[in-house]
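Trainee: So for the sequence shown, numbering that gives the first Met the number 0 puts the first residue at 0; every next one is plus one.
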Amino acid sequence: MSILRWLTGITSFGSHNRKWWTRGFTLAELIVVITIIGILSSIGVNVYKHFIDSARNTRAVAEIRMYEKEIMNFLNDTETLPDAFVELGLGITLDPWKNSYQYINFDSPGAEDNRRTKGAKGKGKGKGKGLEKDSPLNSDYDLYSMGKDGMSEPALTDDVSKDDIIRADDGGYTGLASGY
C-alpha cells in the first residue's frame with residue numbers, strides 16, 4: 000500500500016507530494032555524475048589517441064614497404080639505387096604526420112656522413128639509425144619516418160628516435176624503432 004501512496008503522491012495526511020519524476024537532484028548527486036562523465040571522457044580520449052597513433056604507425060609501415068618495393072623496381076630497371084627519393088617519380092612523399100620520409104642511399108656522394116648507425120649514445124657516423132656505435136641498420140640504404148614528434152637522432156636508443164618508423168636489417172624489419 001505504501002508503494003501505491005508513493006506513486007500517487009498521497010501521504011498519510013491526504014496531501015499530495017510532488018511526483019517522483021519532478022523532484023530535483025542534490026548537489027552531491029550532480030557532482031558524482033559529472034565526475035563519472037569526466038573520468039569516462041578522459042579514458043575515451045586516451046583510447047582514441049592511442050588508436051589514432053597506432054593507425055598512423057601502421058600506415059607509415061605500409062608506405063615504407065611500398066617505397067621499398069618502388070626502390071627495388073628502380074634497382075631492377077637501372078641496376079643502381081636512386082640517389083634521391085625524387086628519382087622514383089612518386090611526387091611528394093609525406094608520412095602520416097606530414098613530414099618527409101628520409102631516404103639515404105649509401106652509394107651516393109656524401110652519404111657516409113648521413114648514414115644511420117646503431118650509435119649507443121647518439122654517436123656514430125652522422126645521422127645513421129642504430130643501436131651500437133658504427134653498426135648500421137642496413138647495408139644498402141636507409142628509409143624511415145621521423146615519427147610523431149618529427150625529430151630523429153642517430154641512435155635508436157635516443158628518446159626522440161623511439162617513435163621513428165624504420166626499415167632495418169635490409170628490409171627484414173619495418174616498424175617502430177622502440178620495437179627493434
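Cβ atoms here follow ideal geometry from the backbone N, Cα and C, with glycine treated the same way.
Any Cβ of chain C within less than 8 angstroms of the Cβ of Thr25?
Mentor: The structure shown contains no chain C; it is built from a single protein chain.
Trainee: Mind checking who Thr173 pairs with in its DSSP beta bridge?
Mentor: In DSSP, Thr173 forms a bridge with Arg166.
Trainee: Measuring only the C-alpha atoms, how far is Asn56 from Gly174?
Mentor: Each residue's Cα considered, the two are about 8 angstroms apart.
Trainee: Please classify Tyr143: is it buried, with 16 or more other beta-carbons within 10 angstroms of its beta-carbon, or exposed?
Mentor: By the neighbour-count rule (16 or more Cβ atoms within 10 Å), Tyr143 is buried.
Trainee: Output the distance between the C-alpha atoms of Leu29 and Tyr66, rounded to the nearest integer angstrom.
Mentor: Spanning the two alpha carbons is a distance of roughly 55 angstroms.
Trainee: What did DSSP end up calling Lys122 once you bin it into helix, strand or coil?
Mentor: Below a pLDDT of 50, predicted positions are generally treated as unreliable, and Lys122, at 33, falls in that range; no measurement from the model is reported.
Trainee: Taking only the alpha-carbon atoms, compute the straight-line gap between Ala27 and Lys147 and give it to the nearest angstrom.
Mentor: Using only the alpha carbons, I get a separation of about 42 angstroms.
Trainee: Pull up the DSSP beta-bridge partners for Asn181, would you.
Mentor: Lying before the first or after the last residue shown, residue 181 is absent from the chain, which here runs from 0 to 179.
Trainee: Any idea which residues DSSP pairs Ser99 with across the strands?
Mentor: In DSSP, Ser99 forms a bridge with Leu93.
Trainee: Going by Cα to Cα distance, which pick from Asp169, Gln101, Asp139 and Asp106 is closest to Glu152?
Mentor: It is Gln101.
Trainee: Sort Asp162, Arg166 and Met71 by Cα distance to Leu87 and report the nearest one.
Mentor: Nearest of Asp162, Arg166 and Met71 to Leu87, Cα basis: Met71.
Trainee: Between Ile91 and Ile164, is the Cβ-Cβ spacing less than 8 angstroms?
Mentor: It is not a contact, given that the beta carbons lie outside the stated cut-off.
Trainee: DSSP three-state label for Ala61, please.
Mentor: Three-state result, Ala61: helix.
Trainee: Here's a check: name, in chain order, each residue in its chain whose Cβ is nearer than 6 angstroms to the Cβ of Gly121, leaving out the five neighbours to either side.
Mentor: Note on Gly121: pLDDT 34, under 50, position unreliable in the model; the coordinate value appears next. For Gly121, where only same-chain residues beyond five positions count, the Cβ hits under 6 angstroms are Glu152, Pro153, Ala154 and Asp157.
Trainee: According to the neighbour-count rule (16 or more other Cβ atoms, all chains shown, within 10 Å of its Cβ), is Phe84 buried or exposed?
Mentor: The residue in question, Phe84, is buried, as its Cβ has 16 or more Cβ neighbours within 10 Å.
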